[in-house]
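Asks: Numbers in the working numbering are just positions in the sequence shown, counted from 1, shifted up by 56.
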Amino acid sequence: MGSRKTVDIKGLTIGGSSPVRVESMIKTPLSDIESCASECSALAKEGCELIRVSFPDLALSENMKLLNERSPVPLMADIHFSHSLAIAALESGCSSIRINPGNMSDRKGTEDVIRLAKTLGAVIRIGANGGSISKAQMEHAKGDRAAALAYAVEEQVSILDRCSFEDIIISAKSSSVMETVRANYILSQRYPFPVHIGITEAGIGTAGIIKGAAGISLMLAQGIGDTIRVSLTGPPAEEVRAGYDILRALEIRERGYNLISCPTCGRKRIDVASLVKEVTSLLPENIKDGTTIAVMGCEVNGPKEASCADLGIAGTAGGFVMFRKGHTVCSDSIDNLKKHLLKEIDKI
Ligand code: SF4
Numbered sequence: 057m058g059s060r061k062t063v064d065i066k067g068l069t070i071g072g073s074s075p076v077r078v079e080s081m082i083k084t085p086l087s088d089i090e091s092c093a094s095e096c097s098a099l100a101k102e103g104c105e106l107i108r109v110s111f112p113d114l115a116l117s118e119n120m121k122l123l124n125e126r127s128p129v130p131l132m133a134d135i136h137f138s139h140s141l142a143i144a145a146l147e148s149g150c151s152s153i154r155i156n157p158g159n160m161s162d163r164k165g166t167e168d169v170i171r172l173a174k175t176l177g178a179v180i181r182i183g184a185n186g187g188s189i190s191k192a193q194m195e196h197a198k199g200d201r202a203a204a205l206a207y208a209v210e211e212q213v214s215i216l217d218r219c220s221f222e223d224i225i226i227s228a229k230s231s232s233v234m235e236t237v238r239a240n241y242i243l244s245q246r247y248p249f250p251v252h253i254g255i256t257e258a259g260i261g262t263a264g265i266i267k268g269a270a271g272i273s274l275m276l277a278q279g280i281g282d283t284i285r286v287s288l289t290g291p292p293a294e295e296v297r298a299g300y301d302i303l304r305a306l307e308i309r310e311r312g313y314n315l316i317s318c319p320t321c322g323r324k325r326i327d328v329a330s331l332v333k334e335v336t337s338l339l340p341e342n343i344k345d346g347t348t349i350a351v352m353g354c355e356v357n358g359p360k361e362a363s364c365a366d367l368g369i370a371g372t373a374g375g376f377v378m379f380r381k382g383h384t385v386c387s388d389s390i391d392n393l394k395k396h397l398l399k400e401i402d403k404i
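Written out as structure tokens, the structure is:
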């Protein structure tokens, strides 16, 4: 989508003409290798394409190596302050690391990290968060927080630039949607590198998803963003599902089915909410990506408004009518719904 450059993490391309990638971060400490491995497998099953892992301690190097061997998708080690940790992560098989070179006090150590990443063909993600903007960066940006956030990233890019390192993903996040959008706009104008986007500390549940979706959608609509994370207080699988929901709503990527269901009104003839649950529980796991399923409250508007559906159901006075691509397949009493549903789902 947005960037002019592409990077490759163990065969996963990010940027250029690659699909917008969906990523997440495991929430189990690396000391618990079994739980980390099952979290990675569960995330991969949801469609997560890159998994970030906190790597806070050199004593966990062996676990990082094991997790690299067991994870079905590439890992990105998340490192703060220590160049030794970054080197250990690369030596443990991580093909991508997330560092803040500006936070690494040892200049030579930082250069060693960059050199090793270059030798191994690893990708370095650098970024800034709203919470870590320094006083000097704020002064440089004359008090504009979005510009300061972009400037914080620029400082880090310049460190990699001095070492002629180009396999970079950049990221600028804050918990403010508009601040994040403006910072990323500045950066995407300035650099050709792939951009990781998201709203950090977005919150919990629906409110968090809406905040993340608002920010991510605003940026994607401007052609900014090559990989996304919907940061949520909650299970990481929820982040991945929300990520694909956003991409599906924007018609950028399809994964799983597309559900259309009406909000219901005084005309409704069936319990749409329960029926959505029943229909979706009957759908096979391997349903073709992009299949459209519709559940509509009545036959007055339902079949027409959902005429694109691969399988649709609308309530009627006598029960329901089932339709495919706008054409009626059958109508019957509600007691016989499941029988017809199973038959039609089989045909999709
Ligand atoms: S499909 Fe029927 S029940 Fe649903 S919102 Fe439209 S008119 Fe109301």
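Glycine residues also receive a C-beta, built at the ideal position from the N, C-alpha and C atoms.
Going by beta-carbon coordinates alone, are leucine 176 and isoleucine 143 separated by less than 8 Å?
Replies: Taking the first residue of the sequence shown as position 1, residue 176 is located at position 120. Taking the first residue of the sequence shown as position 1, residue 143 is located at position 87. The answer is no: Cβ separation not under 8 Å.
Asks: Less than 8 Å between the CB atoms is what I'm expecting for arginine 181 and histidine 252, so what's the real figure, rounded?
Replies: Your numbering for residue 181 matches position 125 in the sequence shown. Your numbering for residue 252 matches position 196 in the sequence shown. Yes, arginine 181 and histidine 252 are in contact; Cβ-Cβ is about 6 Å, under 8 Å.
Asks: With DSSP as the reference, label glycine 371 as helix, strand or coil.
Replies: Position 315 of the sequence shown, counted from the first residue, corresponds to residue 371. Strand at glycine 371.
Asks: Spatial neighbours of threonine 110 within its chain, please: C-beta separation below 7 Å, excluding the five flanking residues on both sides.
Replies: Taking the sequence shown and counting its residues from 1, one reaches residue 110 at position 54. In the sequence as presented, threonine is not what sits at residue 110; that position holds serine. Closer than 7 Å at the Cβ level, and outside the excluded window around serine 110, lie Leu86 and Asp134.
Asks: Using only CA atoms, which one of Ile326, Leu338, Gly374 and Ile343 lies nearest to valine 351?
Replies: Reading the sequence shown from its first residue, position 295 is the one you call residue 351. Comparing Cα positions, the closest option is Ile326.
Asks: Looking at the strands, I want to know which residues DSSP matches up with glycine 290.
Replies: Start at 1 with the first residue of the sequence shown, and residue 290 comes out as number 234. Its beta-bridge partners do not exist; DSSP assigns none.
Asks: So what's valine 76 in DSSP terms, helix, strand or just coil?
Replies: Taking the sequence shown and counting its residues from 1, the one referred to as residue 76 is at position 20. Three-state result, valine 76: coil.
Asks: With distances taken between CB atoms, is the gap from valine 431 to leucine 397 smaller than 8 Å?
Replies: Not covered by the structure: residue 431. The range shown for the chain is 57 to 404.
Asks: Determine the contact status of proline 359 and glycine 368, defining contact as a CB-CB distance below 8 Å.
Replies: Locating residue 359 in the sequence shown gives position 303, where the first residue counts as 1. Locating residue 368 in the sequence shown gives position 312, where the first residue counts as 1. A contact, by the Cβ cut-off of 8 Å.
Asks: For isoleucine 224, which three-state DSSP category applies?
Replies: Here residue 224 corresponds to residue number 168 of the sequence shown, with the count starting at 1. Note: isoleucine 224 maps to strand in three-state DSSP.
Asks: Who's in the neighbourhood of ligand 1, going by beta-carbon under 6 Å from any heavy atom, listed in chain order?
Replies: Going along the chain, the residues that qualify are Cys318, Pro319, Thr320, Cys321, Arg323, Lys324, Met352, Gly353, Cys354, Val356, Asn357 and Gly358.
Asks: Any chance the segment 255-272 sits against the segment 280-294, with 3 or more Cβ pairs inside 8 Å?
Replies: yes
Asks: Do you know how far the Cα of proline 130 is from the Cα of alanine 178?
Replies: Locating residue 178 in the sequence shown gives position 122, counting from the first residue. Locating residue 130 in the sequence shown gives position 74, counting from the first residue. In a straight line, the C-alpha of alanine 178 is about 11 Å away from that of proline 130.
Asks: Under the three-state reduction of DSSP, which class applies to asparagine 124: helix, strand or coil?
Replies: Along the sequence shown, one-based indexing puts residue 124 at 68. Correct three-state label for asparagine 124: helix.
Asks: Report the rounded CA-to-CA distance for isoleucine 316 versus isoleucine 349, giving the unit in angstroms.
Replies: One-based indexing of the sequence shown puts residue 316 at position 260. One-based indexing of the sequence shown puts residue 349 at position 293. Cα to Cα, the separation comes out at about 6 Å.
Asks: On the DSSP bridge list, what partners appear for arginine 181?
Replies: For the purposes of this step, residue 181 is taken as the residue at position 125 of the sequence shown. Under DSSP, the beta-bridge partners assigned to arginine 181 are Arg154 and Ile225.
Asks: Going along the chain, which residues of its own chain have a beta-carbon closer than 6 Å to the beta-carbon of alanine 204, five neighbours each way excluded?
Replies: Taking the first residue of the sequence shown as 1, we reach residue 204 at position 148. The answer, listed in chain order, is Ile189, Gln193, Met194 and Ala197.
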